[in-house]
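J.:
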Amino acid sequence: MRRWSSLLAVVTFAACSRANPEERATPPAAPPPGVTQVGADAAPVAPSRTLAVAQGDGSVVLMQVIGDRLESGPTLTEVGWNFGWLDRRTLVALGPSTDADASVRRWVDGVRQPDLVVRREAWPAYGRALWLVGANEIWLAGCRDESDVAPCARPTYARLWPAPVEVGERAPGPDARPIDSSVPYPLPPEGPAPAGATVTLRPDPKDHARTTVRCEAGGSRTEETVLAIFDNPREEGAWSFAAPAVRWIATSTPRYEVSFDATNPVGGRYRIYHYAAPCEESGLRALAWLGDELWAEQSSAVDATWTVYRSGRALGTFAGTMVR
70 MRRWSSLLAV VTFAACSRAN PEERATPPAA PPPGVTQVGA DAAPVAPSRT
120 LAVAQGDGSV VLMQVIGDRL ESGPTLTEVG WNFGWLDRRT LVALGPSTDA
170 DASVRRWVDG VRQPDLVVRR EAWPAYGRAL WLVGANEIWL AGCRDESDVA
220 PCARPTYARL WPAPVEVGER APGPDARPID SSVPYPLPPE GPAPAGATVT
270 LRPDPKDHAR TTVRCEAGGS RTEETVLAIF DNPREEGAWS FAAPAVRWIA
320 TSTPRYEVSF DATNPVGGRY RIYHYAAPCE ESGLRALAWL GDELWAEQSS
370 AVDATWTVYR SGRALGTFAG TMVR
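Residue numbers for the sequence shown follow this note's numbering, so the first one is 70 and each next one is one higher.
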């Protein structure tokens with residue numbers, strides 16, 4: 070099955086009155102939100118960001134976005150697939166599920182920190198999952214019963230950071246972010262439709278797999294069924310599909326999203342996200358929304374390289390299975 074993957078500061082300046090109105094100073098224009106400006110006459114500089122790019126062997130390469138360029142950094146080992154950013158400097162990852170004790174690994178500015186560990190006798194949980202809350206709290210979630218299947222009938226939680234460790238039935242707050250390799254990217258915000266382009270659905274009420282997504286732009290038109298987007302001919306007839314939804318997303322280069330639920334023969338449900346440029350024959354393999362007007366696209370080509378964009382400008386490319 071083809072995989073898809075999911076701050077505004079306002080400053081008010083007030084001029085100080087002087088005895089002579091003609092001598093009143095005009096305050097300098099504030100830089101746009103999210104932009105750093107150094108020196109009185111300096112040009113605005115986009116904020117720097119560090120991206121974590123997963124490799125096939127469980128390692129992660131740190132890529133630094135500096136202004137309008139992309140630079141490769143150190144490689145971190147033993148990260149695995151369930152990792153995410155607690156803040157802009159701290160990368161965290163779920164420890165091996167084969168260990169009896171539950172653990173979380175941490176790196177600050179690329180430097181390994183002591184693992185956070187909760188002993189099995191203190192927290193006997195199965196199916197551990199990593200959750201992050203805000204920029205300060207690290208949680209684990211699990212099930213009390215080994216035979217549990219999602220949704221968990223008897224959930225249990227452990228807050229590992231900040232110390233001391235707390236275990237119990239209290240769940241993290243509503244702003245908790247699950248770090249799950251099956252849901253690798255935050256969803257991009259919705260954006261306006263570009264001029265002259267439309268994406269519509271032609272429903273098939275008897276079989277959502279036959280619902281058609283139609284794109285029209287600049288005299289071109291494409292049509293693709295939900296089943297074609299799912300792109301697994303061997304599973305045709307075995308999976309069932311819910312009605313799809315379409316929307317434009319807030320990338321400065323026009324992209325639209327098709328999303329739907331797919332259910333396998335044993336009842337497992339998956340949310341599918343498909344991204345494409347207006348009326349292109351083949352969609353993207355994945356799109357990662359990174360914030361700060363940054364996003365990354367993975368092509369549908371065989372090499373599946375990623376390209377990072379900021380405000381519609383390509384900053385560079387790199388290889389990897391996932392980026393965060």
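Idealized CB from N, CA, C, for every residue including glycine.
#1: So, at 7 Å on beta carbons, what are the nonlocal neighbours of Ala-204 in its own chain, with the 5 sequence-adjacent residues on each side left out?
#2: Can you name the residues that DSSP bridges to Trp-308?
#3: Going by beta carbon distance, what residues of the same chain come within less than 6 Å of Met-357, once the five residues before and after it are set aside?
#4: How is Arg-279 classed by DSSP in three states: helix, strand or coil?
#5: Assuming contact is defined by CB atoms lying nearer than 8 Å, are Leu-163 and Arg-175 in contact in what I supplied?
#6: By the three-class DSSP mapping on this structure, what secondary structure does Asp-110 have?
#7: Three-state secondary structure (DSSP) at Val-161?
#8: With a threshold of 8 Å, are at least 3 pairs of Cβ atoms found where one atom belongs to the segment 267–286 and the other to the segment 240–247?
#9: For a test of the three-state rule: what should DSSP assign to Ala-331, helix, strand or coil?
#10: Can you name the residues that DSSP bridges to Glu-140?
#11: With DSSP as the reference, label Val-232 as helix, strand or coil.
#12: Less than 8 Å between the C-beta atoms of Leu-131 and Gly-142, yes or no?
#13: Out of curiosity, what's the CA-to-CA distance linking Arg-197 and Ala-171?
#14: Is there contact here, the segment 118–135 with the segment 382–390, by at least three beta-carbon pairs under 8 Å?
#15: Round the Cβ separation of Ala-346 and Glu-259 to the nearest angstrom and send it over; I've been treating them as touching at under 8 Å.
#16: Mapping the DSSP letters down to three states, classify Leu-155 as helix, strand or coil.
#17: Should Arg-223 and Trp-208 be called a contact, given that it needs their Cβ atoms to be closer than 8 Å?
#18: Please classify Thr-146 as buried or exposed, where buried requires at least 16 neighbouring CB atoms within 10 angstroms.
#19: My output table needs one value for Val-295: the three-state DSSP class, helix, strand or coil.
#20: Spatial neighbours of Glu-285 within its chain, please: CB distance less than 6 Å, with the 5 preceding and 5 following residues excluded, ordered by chain position.
#21: Using alpha carbons as the reference points, say which of Phe-299, Gly-352, Ile-248, Ala-311 lies closest to Trp-150.
#22: Under a three-way DSSP split, which group does Arg-316 fall into?
#23: Taking the alpha carbon of Glu-22 as the reference point, which residue from Arg-188, Glu-140, Cys-221 has its own alpha carbon closest?
#24: Considering Cα atoms alone, identify which of Tyr-344, Arg-290, Pro-165, Thr-332 is closest to Val-315.
#25: When you compare each of Val-180, Thr-374, Gly-179, Glu-238 to Trp-192 by their alpha carbons, which one comes out closest?
#26: Near Ala-311, which residues of its chain fall below 7 Å by C-beta distance, leaving aside the five closest residues on each side in sequence?
#27: Could you say which of Ile-135, Leu-139, Ser-117, Arg-118 lies nearest to Trp-375 if we only look at CA atoms?
#28: What three-state label does DSSP hand Gln-124 in the structure shown?
#29: Beta strand (DSSP E) containing Thr-386: first to last residue?
#30: Taking Cβ to Cβ, would you say Arg-158 is nearer than 8 Å to Val-134?
#31: Looking at Leu-199: is its Cβ nearer than 8 Å to the Cβ of Val-173?
#32: I need the straight-line Cα distance from Ser-380 to Ile-298, nearest angstrom please.
T.: Quick answer:
#1: As a position in the sequence shown, residue 204 is number 135, starting the count at 1. Annotation for Ala-204: Leu-155, Asp-156 place their beta carbon closer than 7 Å to its own, counting only its chain and skipping 5 residues before and after.
#2: Stepping through the sequence shown from its first residue, residue 308 is reached at position 239. Answer by DSSP bridge pairing: none, since Trp-308 is not bridged.
#3: One-based indexing of the sequence shown puts residue 357 at position 288. Note on residue identity: the sequence assigns Ala, not Met, to residue 357. Result list for Ala-357: Tyr-254, Ala-365, Val-392, in chain order.
#4: Working through the sequence shown from its first residue, we reach residue 279 at position 210. Of the three classes helix, strand and coil, the one that applies to Arg-279 here is helix, per DSSP.
#5: Taking the first residue of the sequence shown as position 1, residue 163 is located at position 94. Taking the first residue of the sequence shown as position 1, residue 175 is located at position 106. For Leu-163 and Arg-175, no; Cβs fall outside 8 Å.
#6: As a working mapping, residue 110 is identified with position 41 in the sequence shown. The predicted position of Asp-110 is uncertain, since its pLDDT is 43 and thus under 50; a value taken from the coordinates is nonetheless stated next. Here DSSP, grouped into helix, strand and coil, assigns Asp-110 to coil.
#7: On the sequence shown, position 92 is the one that residue 161 refers to. Here DSSP, grouped into helix, strand and coil, assigns Val-161 to strand.
#8: Judged by Cβ distances under 8 Å, the segment 267–286 makes no contact with the segment 240–247, as fewer than three pairs qualify.
#9: On the sequence shown, residue 331 is found 262 positions in, with the first residue counted as 1. Here Ala-331 sits in strand by DSSP.
#10: Along the sequence shown, read from residue 1 onward, the residue named residue 140 stands at position 71. Gln-133, per the DSSP bridge assignment.
#11: As a first step, residue 232 is located in the sequence shown; it is residue number 163 there, counting from the start. The sequence shown places Ala at residue 232, rather than the Val named in the question. Coil at Ala-232, not helix or strand.
#12: Within the sequence shown, numbered from 1, the residue matching residue 131 stands at position 62. Within the sequence shown, numbered from 1, the residue matching residue 142 stands at position 73. With respect to Gly-142, Leu-131 sits close: the two C-beta atoms are nearer than 8 Å.
#13: Mapped onto the sequence shown, residue 197 falls at position 128. Mapped onto the sequence shown, residue 171 falls at position 102. Near 8 Å, if we compare the C-alpha coordinates of Ala-171 and Arg-197.
#14: Flag = yes, the segment 118–135 and the segment 382–390 touch.
#15: Position 277 of the sequence shown, counting from 1, holds the residue named residue 346. Position 190 of the sequence shown, counting from 1, holds the residue named residue 259. About 17 Å; that fails the 8 Å criterion.
#16: On the sequence shown, residue 155 is found 86 positions in, with the first residue counted as 1. If DSSP states are grouped into helix, strand and coil, Leu-155 belongs with coil.
#17: Sequence index remark: in the sequence shown, residue 223 carries index 154 (1-based). Sequence index remark: in the sequence shown, residue 208 carries index 139 (1-based). The criterion of a C-beta distance shorter than 8 Å is not satisfied by Arg-223 and Trp-208.
#18: Position 77 of the sequence shown holds residue 146. By the neighbour-count criterion, in which a residue is buried when 16 or more other Cβ atoms sit within 10 angstroms of its Cβ, Thr-146 is exposed.
#19: As a first step, residue 295 is located in the sequence shown; it is residue number 226 there, counting from the start. Reduced to three states, the DSSP call for Val-295 is helix.
#20: To locate residue 285, count along the sequence shown from 1; it is residue 216. Setting aside the 5 residues that flank it on each side, Glu-285 is surrounded in the same chain by Thr-267, each with a C-beta closer than 6 Å to its C-beta; the list follows chain order.
#21: Stepping through the sequence shown from its first residue, residue 150 is reached at position 81. Nearest Cα to Trp-150 within the set Phe-299, Gly-352, Ile-248, Ala-311: Ile-248.
#22: Taking the sequence shown and counting its residues from 1, one reaches residue 316 at position 247. In the structure shown, Arg-316 sits in a strand (DSSP, three-state: E or B).
#23: Because the chain is modelled from 70 through 393, residue 22 falls outside the range shown and cannot be assessed.
#24: Here residue 315 refers to the residue found at position 246 of the sequence shown. Looking at the Cα atoms, Tyr-344 is the closest of the given residues.
#25: The residue given as residue 192 occupies position 123 in the sequence shown. Answer by Cα proximity: Glu-238.
#26: To locate residue 311, count along the sequence shown from 1; it is residue 242. In the same chain as Ala-311, and ignoring 5 residues on each side of it, the C-beta atoms closer than 7 Å to its own belong to His-277, Phe-329, Asp-330, in chain order.
#27: Your numbering for residue 375 matches position 306 in the sequence shown. When the alpha-carbon of Trp-375 is set against those of Ile-135, Leu-139, Ser-117, Arg-118, the nearest one is in Leu-139.
#28: On the sequence shown, residue 124 is found 55 positions in, with the first residue counted as 1. Coil, per DSSP.
#29: Your numbering for residue 386 matches position 317 in the sequence shown. Element bounds for Thr-386: 382–387.
#30: Along the sequence shown, one-based indexing puts residue 158 at 89. Along the sequence shown, one-based indexing puts residue 134 at 65. Taking 8 Å as the Cβ cut-off, Arg-158 and Val-134 do not qualify as a contacting pair.
#31: Position 130 of the sequence shown, counted from the first residue, corresponds to residue 199. Position 104 of the sequence shown, counted from the first residue, corresponds to residue 173. Contact annotation: Leu-199 and Val-173 have beta-carbon atoms nearer than 8 Å.
#32: Along the sequence shown, one-based indexing puts residue 380 at 311. Along the sequence shown, one-based indexing puts residue 298 at 229. Taking the straight line joining both Cα atoms gives about 27 Å.
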